[in-house]
Amino acid sequence: MARVPTRVEAVVILGAIALPWVLPGPYHRHVLVLAGLFTLMALGFDLVLGYLGELSLGHAAFFGIGAYSTALLTRHLGVPFPVDLGLAALLTGIFGFLIGAPSLRLKGPYFAIVTFGFAEILRLVALNWTSVTRGPMGLPDIPHPRLGPWTLASELDYYYLVLVLVGVAVLVTRRLLDSTVGHAFLAIRENEELAAATGVPTFRYKLIAFVIGTTFTGAAGSVYARYVHFVDPTALSFYYTVTVVSMVIVGGQGSVAGTVLGALVFTLIPEYLRVAERARLVIFGAFLVLAIVFLPEGVRGLWRPGTAARRERVPA
Amino acid sequence: MGSGGRALPHGASVSLLEVEELSVRFGGLVAVNRVSFAVEEGTIVGLIGPNGAGKTTCFGLVTGFLAPTSGQVRFRGRPLTGLPPHAIAREGVVRTFQKTSLFPRLTVQDNIMIGQQARLRPRVWAALARTHTQQLELRAVRERASEVLELMAMSGVREVPARALSYGEQRHLAIAIALASRPALLLLDEPAAGLTPAESRRLMDLIRRIRGSGVTVLLVEHDMKVVMGVCDRLVVLDHGQKIAEGPPAAIRQDPEVIRVYLGVSPASEAARAGRP
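Protein chains in written order, with my numbering: chain R, 538 to 853; chain V, 2 to 277.
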């Protein structure tokens, strides 16, 4: 329950604002937008893995729901920004509730498998419900968001939009953790049985965290759809889940800073490794293995309590 | 199972905890078989018996971790049967566990802070809006933690992660966590297991002090010195059935209890069984 000093926070915020000017050019900024979107997803994902100790393998589905929501809302109903963003997050949260309510009654690998199953079902729906989703052809021509006289179109615009959303997600996460709700989360992660014995309605809190986490992810999906103008069933692919799982585990579960760091590293490294095209995935794989070997709590935290190593204070 | 007409074991006044004809069956095994007993407010009651007698199972049934096949548990006259564990904790019945009854990676102080959920009503919106009430609640939680640390003489280790404590201190912390939410009834599952004689004496003092602060205690324990030393009443289980109940002095002499514990019943052996 330690707090990062506000001076550090200020430096991080200023750094994030300055980053696209340090790394100018559309390509770098494009990578930064992706990193921001992954950060948003990873923050939502970490609420469940890092604070409640349950591994959800269906996270990509929520990204996809957010993306499709915005695509359908803007194309058919002309819903303006940021209403579509809010609705996409809300709809994703509702799906989070519907999927979380049955699956969070399971634990460990069972929960992981069931969430994976739900995600695959949703992907197949997106692929086959052609009258709505146009199947593999996807939904094109999603307009750029307009905000009054401005149209958000450039990489830089999107970067700051994503940055604001990440800021909101960090704030929400922080406030939850710095409260007695956060105590309940911690109790569940550290010892679920004892948490119940000391009065924590464990299932209810898991569901709350899951729904909040899915709304973050839905928001990321919504902005992604706007950004690339297009959404198809690959937005729900397992690839996104794996990426986010890697980010959070290597970055550090149960730690906002670790999650953000993990998301950055895991977007930037594979992108910048493109200079060594053939060796790219090999280098990336080696990096993953090393990270897991030298951050063993990452592996251990896979099924049960997320690591708290970073949060611990040294004995006085 | 109508309970209306049957007299309770302890007459007219309602006991704090009433266990009535409680049974649980795991497949073919009847782990607890029609066990009834009552715990009066302000007493220390020991649940004893050989390994596999059903003591811990009884705890699980009372605290909602296991569902009884039949029978009832009532607390202050209200049925607990069917409630989930967290709801039972919120009624004021908090238990410890034999193993890892703490939050290992958190500091002692954080352990006691997060152990107070039973008397809190955390609201997500209040946390997000950082309302005044929420801030007050957090402060109250911190203050209560200091109070419990003081009471348990653990202020010196408040910043130490729970898993870095000595075994004896960990057992102590488990009780501190359970006490943090001011329960009316504290259920201790083998609190003396693995303690040194000095630690056991400290534990006995502690249990008496807890009772002195108005908390009723029900404990499962193997250490006869502890059981005989602190308990006002004992309930003896064997193979899931209650075989005796009464004050320690009477239980010590009970031929059935002696038989169960020693397999024989010479009076000389019996005396040794119960004596320090």
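Glycine residues also receive a C-beta, built at the ideal position from the N, C-alpha and C atoms. Keep in mind it's a predicted model, so treat the numbers as computed, not measured.
What's the call for residue i, buried or exposed, on a 16-neighbour Cβ count within 10 Å?
i	result
S668 (chain R)	exposed
A845 (chain R)	Note that A845 (chain R) has pLDDT 41, beneath the 50 cutoff, so the model's placement of it is unreliable and the number below is only indicative. So A845 (chain R) ends up on the buried side.
G3 (chain V)	Low confidence applies to G3 (chain V): its pLDDT is 39, below 50, so where it sits in the model is not reliable enough to give any reading.
E151 (chain V)	exposed
Y168 (chain V)	exposed
Q118 (chain V)	buried
P162 (chain V)	buried
T57 (chain V)	buried
G47 (chain V)	buried
E191 (chain V)	buried
N112 (chain V)	buried
T217 (chain V)	buried
H720 (chain R)	buried
R91 (chain V)	buried
A555 (chain R)	exposed
F27 (chain V)	exposed
F831 (chain R)	exposed
V782 (chain R)	buried
P686 (chain R)	exposed
A757 (chain R)	buried
G157 (chain V)	exposed
K100 (chain V)	exposed
G843 (chain R)	Annotation note: pLDDT 37 at G843 (chain R) (below 50); position unreliable, coordinate value reported separately. Classification of G843 (chain R): buried, given that the 10 Å Cβ count is 16 or more.
Q254 (chain V)	exposed
E144 (chain V)	exposed
V812 (chain R)	exposed
L818 (chain R)	exposed
G633 (chain R)	buried
Compare the C-alpha of residue i against each of the options and name the closest.
i	options	result
Q110 (chain V)	V:R253, V:L129, V:L174 and V:C232	V:L174
L661 (chain R)	R:R817, R:A772 and R:Y764	R:A772
G755 (chain R)	R:F618, R:A625 and R:E546	R:A625
G654 (chain R)	R:K644, R:I636 and R:L664	R:I636
A496 (chain R)	R:F747, R:I602, R:H567 and R:L622	Only positions 538 to 853 of chain R appear in the structure, and residue 496 (chain R) is not among them; the question remains open.
Q171 (chain V)	V:A185, V:L67, V:A194 and V:L188	V:A194
V549 (chain R)	R:V787, R:L702, R:A794 and R:F722	R:A794
E19 (chain V)	V:G50, V:V236 and V:V31	V:V236
L577 (chain R)	R:T780, R:R544 and R:I829	R:T780
I176 (chain V)	V:R209, V:T197 and V:D233	V:R209
G587 (chain R)	R:R566, R:A656, R:T710 and R:A572	R:T710
N52 (chain V)	V:I252, V:L84 and V:G241	V:G241
P619 (chain R)	R:V545, R:A828 and R:L698	R:L698
S774 (chain R)	R:P673, R:P561 and R:L641	R:P673
G61 (chain V)	V:A39, V:L30 and V:P86	V:P86
S640 (chain R)	R:F747, R:A828 and R:Y776	R:F747
Per DSSP, what are the beta-bridge partners of residue i in this structure?
i	result
R75 (chain V)	V:E19 and V:P80
W687 (chain R)	R:L684
E160 (chain V)	For E160 (chain V), which the question treats as bridged, DSSP gives no partner whatsoever.
T217 (chain V)	V:L186
T108 (chain V)	V:P162
I49 (chain V)	V:V237
K243 (chain V)	V:L238
V779 (chain R)	Note: V779 (chain R) sits in no beta bridge, so no partner.
L30 (chain V)	V:F27
A39 (chain V)	V:E19
Is residue i near the ligand MN - that is, is its Cβ less than 7 Å away from at least one heavy atom of it?
i	result
T751 (chain R)	Ligands displayed in this structure: none; no statement on the ligand MN is therefore possible.
Notebook entry, point to check: Touch check for the stretch 593-600 of chain R and the stretch 800-816 of chain R: three-plus C-beta pairs under 8 Å?
Noted result: no
Next item on the list: May I ask you to list, following chain order, the residues of the stretch 652-665 of chain R that have a beta carbon less than 9 Å from some beta carbon of chain V?
Entry: none
Check: Would the stretch 744-759 of chain R and the stretch 625-632 of chain R be scored as touching if the rule is three or more Cβ pairs under 8 Å?
Finding: yes
Checklist line | Residues in the stretch 691-720 of chain R having any Cβ partner in chain V nearer than 8 Å | finding: Taking 8 Å as the Cβ-Cβ cut-off against chain V, the residues of the stretch 691-720 of chain R that qualify are V709, R712, L713, D715, S716, T717, V718, G719 and H720.
Item checked: Touching by the beta-carbon criterion (3+ pairs, under 8 Å), the stretch 569-588 of chain R and the stretch 604-620 of chain R -> no
Next item on the list: Compile a chain-ordered list of the residues in the stretch 724-737 of chain R whose CB is closer than 8 Å to at least one CB of chain V.
Entry: In summary, the residues of the stretch 724-737 of chain R whose CB is separated from some CB of chain V by less than 8 Å are A724, E727, N728, E730, L731, A732, A733, A734, T735, G736 and V737, in the order they occur in the chain.
Notebook entry, point to check: Given a limit of 9 Å on CB to CB distance, which residues of the stretch 736-762 of chain R reach chain V?
Noted result: G736, V737, P738, T739, F740, R741, Y742, I745 and I749
Note to self: Quick test of the definition: if touching needs 3 or more C-beta pairs under 8 Å, does the stretch 223-241 of chain V touch the stretch 183-203 of chain V?
What the structure shows: yes
Margin query: Counting beta carbon pairs with one atom in the stretch 171-190 of chain V and one in the stretch 720-730 of chain R, are three or more of them shorter than 8 Å?
Written below: Judged by Cβ distances under 8 Å, the stretch 720-730 of chain R makes no contact with the stretch 171-190 of chain V, as fewer than three pairs qualify.
Item checked: Residues of the stretch 76-90 of chain V with Cβ closer than 9 Å to any Cβ of chain R, in chain order -> P85, P86, H87, A88, I89 and A90
Notebook entry, point to check: Given 8 Å as the limit, is there contact between the stretch 691-709 of chain R and the stretch 71-86 of chain V, that is, 3 or more CB pairs closer than that?
Noted result: no
Margin query: Can you confirm whether the stretch 666-683 of chain R touches the stretch 761-768 of chain R when touching is taken to mean that 3 or more C-beta pairs between the two stretches lie within less than 8 Å?
Written below: yes
Note to self: Short of 7 Å Cβ to Cβ, which residues in the stretch 114-142 of chain V face chain R?
What the structure shows: Result list: M114, I115, G116, Q118, A119, L121, P123, V125, A128, L129, R131, Q135, E138, L139 and V142.
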